[in-house]
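J.: Numbering (the working numbering), first residue to last: 293 to 708.
We put the beta carbon where it would ideally sit given N, CA and C, even for glycine.
Please read all numbers here as calculations on a predicted model, not as lab measurements.
#1: Between which two residues does the alpha helix (DSSP H) carrying residue 396 extend?
#2: Could you give the distance in angstroms between the alpha-carbon of residue 666 and the alpha-carbon of residue 571?
#3: Do residue 651 and residue 546 have their CB atoms nearer than 8 Å?
#4: When the Cβ atoms of the segment 571–590 are set against those of the segment 299–314, are three or more pairs found closer than 8 Å?
#5: If we count the other Cβ atoms within 10 Å of its Cβ and call it buried at 16 or more, is residue 450 buried or exposed?
#6: Does DSSP classify residue 490 as helix, strand or coil?
#7: Should residue 684 be counted as a contact of the ligand SAH given a C-beta to heavy atom distance under 7 Å?
#8: How close, in whole Å, do the beta carbons of residue 452 and residue 410 come, if the pair is a contact with beta carbons under 8 Å?
#9: Can you tell me whether residue 490 is buried or exposed? The criterion is at least 16 other CB atoms within 10 Å of its CB, across all chains shown.
#10: Note down, in chain order, each residue of its chain lying with its Cβ closer than 7 Å to the Cβ of residue 512, except the 5 sequence neighbours on either side.
#11: Please classify residue 293 as buried or exposed, where buried requires at least 16 other C-beta atoms within 10 Å of its C-beta.
#12: Since residue 344 is in the alpha helix (DSSP H), which residue starts that stretch and which ends it?
#13: Mind checking who residue 385 pairs with in its DSSP beta bridge?
#14: Who are the near neighbours of residue 483 in its chain, counting only those whose CB is closer than 6 Å to its CB and skipping five residues on each side?
#15: As a quick exercise: from 353, 682 and 550, pick the residue whose alpha carbon is nearest that of residue 646.
#16: Relative to the C-alpha of residue 671, which residue among 684, 687 and 653 is closest?
#17: Starting from residue 479, trace the alpha helix (DSSP H) both ways and give me its first and last residue.
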């Protein structure tokens, strides 16, 4: 019996075409992502090796493990696995290097899930570790608080392992799953029988078990995001002494760092997890949102590593020094300041045009194929995209009208 995901064959063909194009953009972004994020990891490892003398050995070990896990997870996601979301089923295709080597797509996805979960647990471990050592030794119940922190860490690691194992509930015999899906939809996915394509749906007998565990994990993470800053604020405030302004300032900075890192965790891990869970439950048709969610998840490691660099004062100082060296290097190369500004202007204009392109692209495929003047609307959308790109180039070139001989300009300003 067919499930009414889309009304007719033409709608399915349009949907699959749009999905393929969006996955193409997503894969291109994934291919280029390591070039932009590797410098963040390189900076983090440099700071860990040379700028951690004042930190405890255990904290340095945690930083090293956390950074390495996230670096490996990002390379694994963007190069080795390269997962693409495929609707209308709960489908993921593994299109990375490991698929070329004929590694099982199910095992690739399972391993990626484990990396994400353990990486998240180590980040929470680092947060709790910082808070544990912010507790004054003379504070009431300080030993009890530290024991509770250790118990919380153990709980989060166990949760990460449980949630990784829970992904096994989504796995089923692909021959059975794909035959069921073949009968269910009017037009099945074109790559349904590709070995890289792993698929299931809500009719999977063990789907509910996975759903219960995932919703439980989301609930735990939300409670963590709300409860940890609240409890920390009240406890540190209650044990703050009026005599020590330095301690009060240190506590305030600790809480600011905590909130910042939890915000990063919320955006780059919790948000995509909620997005994919809702999609699995309610059969969301919006491929664009899921592709963006997948890409945000891919950036989770780089975002967490950057937040760690910004959270530790010695690391921040080191990054500022390196940026000054980079600025000096550009000066040595005699790169004109005018040209640097011109290139920056061009990048801003083109990125704005691509954003508008994506918006128009979404609108274009929202037009029903049987609607009046649908071809005219799509042609107008393509024309609008072309116009925006031309406008971006024109506005970048127009910036040249602001440029003039600096000797003449500065002499004129000197007289004014």
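T.: Considering the structure as presented:
#1: Taken as a continuous stretch (DSSP letters only), residue 396 belongs to no alpha helix (DSSP H), as it is neither H nor E.
#2: 28 Å
#3: Contact: no.
#4: With the cut-off at 8 Å, the segment 571–590 and the segment 299–314 touch.
#5: It is exposed - the Cβ of residue 450 has fewer than 16 other Cβ atoms within 10 Å.
#6: Reduced to three states, the DSSP call for residue 490 is strand.
#7: Within the structure as shown, the ligand SAH is missing, as the structure has no ligands at all.
#8: 5 Å
#9: buried
#10: 451
#11: Because residue 293 sits at a pLDDT of 45, beneath the cut-off of 50, its placement in the model cannot be relied upon, and the following sentence gives the value as read from the coordinates. Result: exposed.
#12: That residue, residue 344, is in no alpha helix (DSSP H); it is neither H nor E in DSSP.
#13: 376 and 489
#14: 489
#15: 682
#16: 653
#17: Unbroken run through residue 479: none, as it is neither H nor E.
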